[in-house]
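Taking it in order: structure first as structure tokens, then the write-up.
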Amino acid sequence: MTFAELKAQTSGSPLVLEMVSLTKTIQLLEAKKNSFLRSKRSAIFDIENQENLKQKAQKMVNQLKVDIQIGLLPLKGDKFTFTSDSSQVFTKFSSACDHITNQLSNTVASIALGFHKEKDFKIGTFAGFNLDISAKGNIIQLAISTDGKRKYHFNIDTKANIGRSILSTVNNFIEKMSNHLEHYENRLSDAIDRLEHAHNIANSDFVDGNLLIDSKQRMILLKTEISELGGAEEIKSDLDDAEIFDIAA
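426 is the number of the first residue of the sequence shown in this note's numbering; add one for each residue after it.
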């Protein structure tokens, strides 16, 4: 028994004891309601976030399925061929790597020294993809696309042979397309599940809402009944003390 309940009981008024108990109930319900409202606000924010993730994952799934159906293959050995943006054809991996490395050498050197300008490069075509490079900040990003619409982006290590890194990145991507598809299908499924969960919370009602309303209405009636009793000042004094100690508890 709390001090407030003990004091209320010794006051000799069951109304006061009920008031103390009801005060505690209302406080607990209000805390639950505030927690529910925070969860609801978070869910509303999460809906937008998960919708964006869902759209991105769906786009990647669609792209990968199309490119897998095209039947793109990594180009190695005697099947290797790279065509530069100036239409120069390379049939040896090392020669193609050297050509790309030379093309990007000034940009890579500037990044290493800590100063450079943002710049975009068209590298050429390889393994069915158009290759484009963007230098932004201290990052070089490779964009590969089959039709200019379906694009995949990769950050390239500037400390390694950049030509080798670019062509190897493309080949590795093709070899692991089925793995990438599975990855993005899982991300899509996860986003859909989270989106459904967020919608359920955002559209839900506080389950104890009616109980909270009834409790507050009962509190009004209790105060009215207590005020109508004889010796109301003495009861009020005990009640004030009981409420103060109950809130502290």
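We put the beta carbon where it would ideally sit given N, CA and C, even for glycine.
query                                                                                                                           : result
Cutoff 7 Å; reference F551; Cβ partners in own chain excluding five residues on either side                                     : L500, F507, L592 and V595
Contacts around T526, its chain only, beta-carbon distance under 7 Å, and the 5 residues preceding and following it disregarded : N586, I587 and G588
Cβ-Cβ separation, M602 to L489 (assumed contact under 8 Å), whole Å                                                             : 6 Å
Top-ranked residue by Cα proximity to S570, from L462, S629 and H578                                                            : H578
Sufficient close CB pairs (3 or more, under 8 Å) joining the stretch 626–634 to the stretch 446–460                             : yes
Counterpart residues of F515 in DSSP-defined beta bridges                                                                       : F507
N-terminal and C-terminal residue of the alpha helix (DSSP H) that N487 is part of                                              : P439 to I495
Residues of its chain near M426, where Cβ-Cβ distance is below 6 Å and the 5 sequence neighbours each way are ignored           : For M426, the predicted structure reports a pLDDT of 46, less than 50, and the residue's modelled location is therefore unreliable. A value from the coordinates is still provided. Excluding sequence neighbours, M426 sits near nothing in its chain.
Member of S652, H608 and D639 whose CA lies at the smallest distance from the CA of K484                                        : H608
Any non-hydrogen atom of the ligand ADP within 7 Å of F505 CB                                                                   : In the structure shown, the ligand ADP is absent, as is every other ligand, since no ligand is present at all.
Pairwise C-alpha distance: K481 and F470                                                                                        : 17 Å
CA nearest to the CA of I536, picked from G549, T448 and S559                                                                   : S559
Every unbroken beta strand (DSSP E) inside the stretch 539–618 [3 residues or more]                                             : 544–551, 554–561, 564–570 and 576–581
Closest residue to Q513 among G549, S519, I581 and L556 (Cα-Cα distance)                                                        : G549
Proximity of V491 and R575 at Cβ, strictly below 8 Å                                                                            : yes
Residues near K561 by beta carbon distance below 6 Å, same chain, minus five either side                                        : E543
Buried versus exposed call for F540 [16 or more other C-beta atoms within 10 Å across all chains shown]                         : exposed
L442 versus E476: straight-line alpha-carbon distance, rounded                                                                  : 51 Å
Proximity below 8 Å, CB of F515 to CB of H524                                                                                   : yes
Contacting residues, own chain, Cβ-Cβ under 8 Å from D545 (five flanking each side not counted)                                 : D557, I558, S559 and A560
Status (buried if at least 16 other CB within 10 Å, exposed otherwise) for L498                                                 : exposed
CB contact flag (A468, A616, <8 Å)                                                                                              : no
Under 8 Å between C-beta atoms of K479 and L637                                                                                 : no
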